[in-house]
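Reviewing the structure listed below.
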Amino acid sequence: MTMGHLLVITPGIRAYREYLLRSISRDFRVHLVLTGPPTWELAYTDGHTVVADPADVDGLVRVARAVDAEQALDGVICWDETWLEQSARVAAALGLPGGDRRCVERCRDKHRTRSALDAARVPQPRSVLVSGRAQALTAAEDIGYPVVVKPRALAGSFGVVRADSPTALVAAVEFTEASGAWAPDLPTHERNVLVEEFARGPEISVDSVVHRGTVTSVCLARKEVGFAPCFEETGHVVDPDDPLWSDATLRDVVVRAHGALGFTDGVTHTEIRLTPAGPKVIEVNARIGGGMIPLLNLMGGGPDLALAAADVACGRAPRLRAATSDRRVAAIRFYYPPADDCVIADVRFEKSGLPEQVVRCGPLAAAGEVKSPPPRGLMDGRIAYAIALAPDAAACRAALDEAGHALRVDVA
Numbered sequence: 281m282t283m284g285h286l287l288v289i290t291p292g293i294r295a296y297r298e299y300l301l302r303s304i305s306r307d308f309r310v311h312l313v314l315t316g317p318p319t320w321e322l323a324y325t326d327g328h329t330v331v332a333d334p335a336d337v338d339g340l341v342r343v344a345r346a347v348d349a350e351q352a353l354d355g356v357i358c359w360d361e362t363w364l365e366q367s368a369r370v371a372a373a374l375g376l377p378g379g380d381r382r383c384v385e386r387c388r389d390k391h392r393t394r395s396a397l398d399a400a401r402v403p404q405p406r407s408v409l410v411s412g413r414a415q416a417l418t419a420a421e422d423i424g425y426p427v428v429v430k431p432r433a434l435a436g437s438f439g440v441v442r443a444d445s446p447t448a449l450v451a452a453v454e455f456t457e458a459s460g461a462w463a464p465d466l467p468t469h470e471r472n473v474l475v476e477e478f479a480r481g482p483e484i485s486v487d488s489v490v491h492r493g494t495v496t497s498v499c500l501a502r503k504e505v506g507f508a509p510c511f512e513e514t515g516h517v518v519d520p521d522d523p524l525w526s527d528a529t530l531r532d533v534v535v536r537a538h539g540a541l542g543f544t545d546g547v548t549h550t551e552i553r554l555t556p557a558g559p560k561v562i563e564v565n566a567r568i569g570g571g572m573i574p575l576l577n578l579m580g581g582g583p584d585l586a587l588a589a590a591d592v593a594c595g596r597a598p599r600l601r602a603a604t605s606d607r608r609v610a611a612i613r614f615y616y617p618p619a620d621d622c623v624i625a626d627v628r629f630e631k632s633g634l635p636e637q638v639v640r641c642g643p644l645a646a647a648g649e650v651k652s653p654p655p656r657g658l659m660d661g662r663i664a665y666a667i668a669l670a671p672d673a674a675a676c677r678a679a680l681d682e683a684g685h686a687l688r689v690d691v692a
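Just so it is clear: in the sequence shown, position 395 is 675 by the numbering used here, and no numbers are missing.
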């Protein structure tokens, strides 16, 4: 197979996304589009272009055409939620796979997602699009408490909160409406808030690669969520032999969700609640999973999702070979500051306190940064992480508990 040429739009934060670039750079020539001069990214690229504004689609298309003129591009890939629609439009302009902007919009816009899934009778929580407190209160009364209030088009659990009463609902709507300030580059709408049925049960995510309409699920992660009433993802557990892999109903729901959204080529991250009534789709993201979930899959012996994503971005059948025959459970946990507005002086792990099952750990906050736990520090409140490998999930969780005891946080 010849080495493909990929345009990667905004590579993301090093701690969370470097492993993706590392994987694809072994088999693909990579040209990066970023908003500032590259640093660590240079080890994985054949070229780069700095742009002032990734929201400028015409500018991105000009960049892509210039790169393509020098050496033909085979695909465009993006794993940053903010720029997925722009990336799809670039792919479409060059006639490359993954250029269905309308499909990406159906995933990005949670109301459109709900409408498409509802039309196809894919199981999901009941959802009502509202504007303001009065409509939200009416919707919640009709659905029944507790409800979940979420923004229409944000990402990463930003602005998502549970409300158990009318008083809590009013506060939740204010919180959700204000959350748009955290991501000013994402689209806004006149009605920006969804009030939804609270789906009871554990939450999982399923990462799938889709090639010419064939959906292949590659990674299944069990989510760990904290800081109620928010839904902060505090960790993930990936077991390559999870019994859910043999659940035909779950498989059917995932495939039908992709069909309902018209998703035929690319990679997705589908979030699902395992309710007493069966699996219900929470959302479908038109990108590879975050939170280092694909890395856990790789470390546990599963296929390389980054490589598969690059393959389908270039219109090729995905390579889904196992990384190793040594299959183990892999888990990650994120750690948070003890209080709001902590000025970080230093974050470190005492190596002597780490069990052997912890194979990777490190800081996610630098000296001088101000960090808060949720709700003030949703997603950006994380200050450290640790990854464990073990024969089972319980051993992973125990090791990550020990890692938490070995974490040292100095504040200024």
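In this text, a Cβ means the ideal position worked out from N, Cα and C, and glycines have one as well.
- Per DSSP, reduced to three states, the secondary structure at Asp591 is helical.
- In terms of CA proximity to Thr329, Ile289 leads the group Ala323, Gln366, Trp320 and Ile289.
- Excluding residues up to 5 positions away in sequence, Ala416, Ala419, Val473 and Val475 lie with their Cβ nearer than 6 Å to the Cβ of Val410 in the same chain.
- About 18 Å separates the Cβ atoms of Ala666 and Ala646, ruling out a contact at the 8 Å cut-off.
- Around the Cβ of Ile293, a 10 Å sphere holds fewer than 16 other Cβ atoms; the residue is exposed.
- Taking a C-beta distance under 9 Å as the contact criterion, Asp444 and Pro403 do not qualify as a contact pair.
- Within 10 angstroms of the beta-carbon of Leu576 lie 16 or more other beta-carbons, which makes it buried.
- Cβ atoms of Thr550 and Val535 stay farther apart than 8 Å, at about 10 Å.
- Note that the segment 422-430 does not touch the segment 597-604; fewer than 3 beta-carbon pairs, one per stretch, sit closer than 8 Å.
- Residue environment: Ala400 is assigned as exposed (fewer than 16 neighbouring CB atoms within 10 Å of its CB, all protein chains considered).
- Secondary structure note for Gly539: its alpha helix (DSSP H) is the uninterrupted segment Ala528 to Leu541.
- Residue pairing by DSSP places Gly284 opposite Phe308 in a beta bridge.
- In the structure shown, Thr329 falls within a strand segment according to DSSP collapsed to helix, strand and coil.
- In this structure, Pro377 and Ala590 do not form a Cβ contact; the two beta carbons are roughly 11 Å apart against a cut-off of 8 Å.
- Straight-line spacing of the CA atoms in Ile562 and Leu587 works out to 26 Å.
- In terms of Cα proximity to Ala675, the closest of Glu636, Arg688, Gly661 and Gly648 is Glu636.
- Taking Arg369 as the centre and dropping the five residues before and after it, the same chain places the C-beta of Val337 and Arg381 closer than 6 Å to its C-beta, in chain order.
- Per DSSP, reduced to three states, the secondary structure at Asn565 is strand.
- Around the beta carbon of Lys631, fewer than 16 other beta carbons lie within 10 angstroms, which makes this residue exposed.
- Look at Gly684 here: in three-state DSSP terms it is helix.
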